[in-house]
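Here the sequence shown is numbered in my numbering, starting from 1 and rising by one per residue.
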Amino acid sequence: MAKVKDKYRHIRESKPRLYLNSFKDQIKNNVCQARLINKIHIGIDRDEFTLFYQPEYNLVTKEITGVEALVRWVPSGNGIIYPEAFIPIAEKSQIIYQLERMIIHKALQQKLQWEREGLGHIELSINLSSKSLESEKDFTNIERILSSYKVNYKTIIFEITETMVITNINIVMERLNRLRKHGIRIALDDFGTGYSSLIHLIRLPIDIIKIDRSFIKSIPDCNGEKTITKSILGMAHGLNYKVVAEGIETKEQLKYLQQNACEGGQGFLLCIPLPSYKVTDVIKGKKLM
1 MAKVKDKYRH IRESKPRLYL NSFKDQIKNN VCQARLINKI HIGIDRDEFT
51 LFYQPEYNLV TKEITGVEAL VRWVPSGNGI IYPEAFIPIA EKSQIIYQLE
101 RMIIHKALQQ KLQWEREGLG HIELSINLSS KSLESEKDFT NIERILSSYK
151 VNYKTIIFEI TETMVITNIN IVMERLNRLR KHGIRIALDD FGTGYSSLIH
201 LIRLPIDIIK IDRSFIKSIP DCNGEKTITK SILGMAHGLN YKVVAEGIET
251 KEQLKYLQQN ACEGGQGFLL CIPLPSYKVT DVIKGKKLM
């Protein structure tokens with residue numbers, strides 16, 4: 001409450017009525033966030049969260065190389081709630097730790113099942129927040145979860161978003177390197193959308209760059225996006241990073257990326273996110289949809 005009051009101090013002193021309305025709006029917003037966090041707690045207890053998997057394709061061979069685990073919230077009788085509706089709020093509280101541990105458990109359980117079915121070559125990408133990386137306690141919990149599943153770590157990829165706020169880059173570097181010692185690879189997601197792209201590229205132990213969909217969606221109509229995408233590909237290849245393009249929705253976009261030596265791709269043109277039983281059938285079919 002003190003933080004909220006301090007935030008609006010300058011308004012309070014110059015425009016009391018505007019301050020009162022702003023303060024009320026902030027309190028209302030805080031109450032809504034608290035209610036959502038409580039619902040997330042309940043949802044975890046009731047096992048209302050499930051994982052969908054979006055395939056990633058080799059754009060040369062057109063075969064599936066891996067899948068990205070994407071969380072979905074399915075409360076009873078309310079349809080599917082997508083992560084953008086609850087992850088940003090979860091990241092503002094301690095609930096993100098519990099939510100991420102649950103996601104990692106579910107993803108590794110599925111990976112273990114695929115390996116038993118002879119699909120061990122399929123790579124599995126899991127998203128990881130900066131809070132989990134910066135908390136030694138939670139990161140240690142994640143390491144314990146990983147050690148409890150006898151899977152091929154060389155086919156595990158943890159994705160960190162390029163826009164994540166990293167308060168201590170040295171700590172994050174150390175923990176990412178701890179993952180890499182097991183053979184786990186690190187992908188920089190949503191590349192190109194944040195102010196710190198080049199800093200992250202230079203300092204963090206990255207193996208893969210995922211070009212943000214915002215650069216792909218205007219191809220081939222916008223020369224600016226085409227030029228930026230081509231530049232990212234050239235820079236990434238010069239640094240020996242694998243590149244994956246997100247948000248491929250048209251044949252023209254796919255053709256442009258193939259012509260410019262982009263190795264991997266995801267998007268609705270190739271395959272939408274699917275529940276585990278459906279994506280397993282797609283994996284076994286292997287070829288581009």
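Glycine included, C-beta positions come from ideal geometry on N, C-alpha and C.
Boundaries for Pro-220: no alpha helix (DSSP H) harbours it, and the DSSP string shows neither H nor E there.
For Leu-270, the closest of Leu-204, Ile-283, Ala-261 by C-alpha to C-alpha distance is Ile-283.
Look at the segment 187 to 258 and you find these whole runs of alpha helix (DSSP H), each 4 residues long or longer: 197 to 203, 213 to 216, 223 to 238.
Glu-249 places its beta carbon less than 7 Å from that of Gly-267.
Cα atoms of Leu-239 and Pro-75: separation of roughly 44 Å, rounded to the nearest angstrom.
Counting the other Cβ atoms within 10 Å of the Cβ of Ala-34 gives fewer than 16, which makes it exposed. CA-to-CA, the gap between Gly-192 and Arg-213 works out to about 10 Å.
Counting only runs of 4 or more residues that sit fully inside the segment 95 to 131, the alpha helix (DSSP H) segments are 95 to 116, in chain order. The shortest C-alpha to C-alpha distance from Glu-263 to any of Asp-190, Ser-276, Glu-136, His-237 is the one to His-237. Residue nearest to Glu-91 within the set Ile-122, Ser-130, Thr-229, His-182 is Ser-130 (criterion: CA-CA distance).
Restricting attention to Lys-137, Lys-154, His-121, the CA atom closest to the CA of Gln-94 is found in Lys-137.
CA-CA distance, Phe-49 to Val-71, rounds to 7 Å. Nearest C-alpha to Ile-219 among Gln-258, Leu-201, Thr-61: Gln-258. The alpha carbon of Ile-126 has as its nearest neighbour, out of Asn-223, Glu-134, Ile-199, Lys-111, the alpha carbon of Lys-111. Under the DSSP assignment, Thr-280 falls in the alpha helix (DSSP H) whose first and last residues are 276 to 285. Pairing Pro-273 with Ser-135, the inter-Cα distance amounts to about 30 Å. The alpha-carbon of Ser-276 is positioned some 10 Å away from that of Gln-54. Take the alpha-carbon of Glu-115 and the one of Gly-224: they are about 43 Å apart. Shown here, Phe-139 sits in a helix according to DSSP, grouped into three states. Boundaries of the beta strand (DSSP E) around Leu-70: 64 to 73. Taken through DSSP and simplified to helix, strand or coil, Gln-54 comes out as strand. In this structure, Ile-142 keeps its C-beta atom at 7 Å or more from the C-beta atom of Gly-66.
Taking the C-beta atoms as reference points, Ala-245 is found no nearer than 7 Å to Ile-208. Contact annotation: Phe-158 and Leu-128 have beta-carbon atoms nearer than 7 Å.
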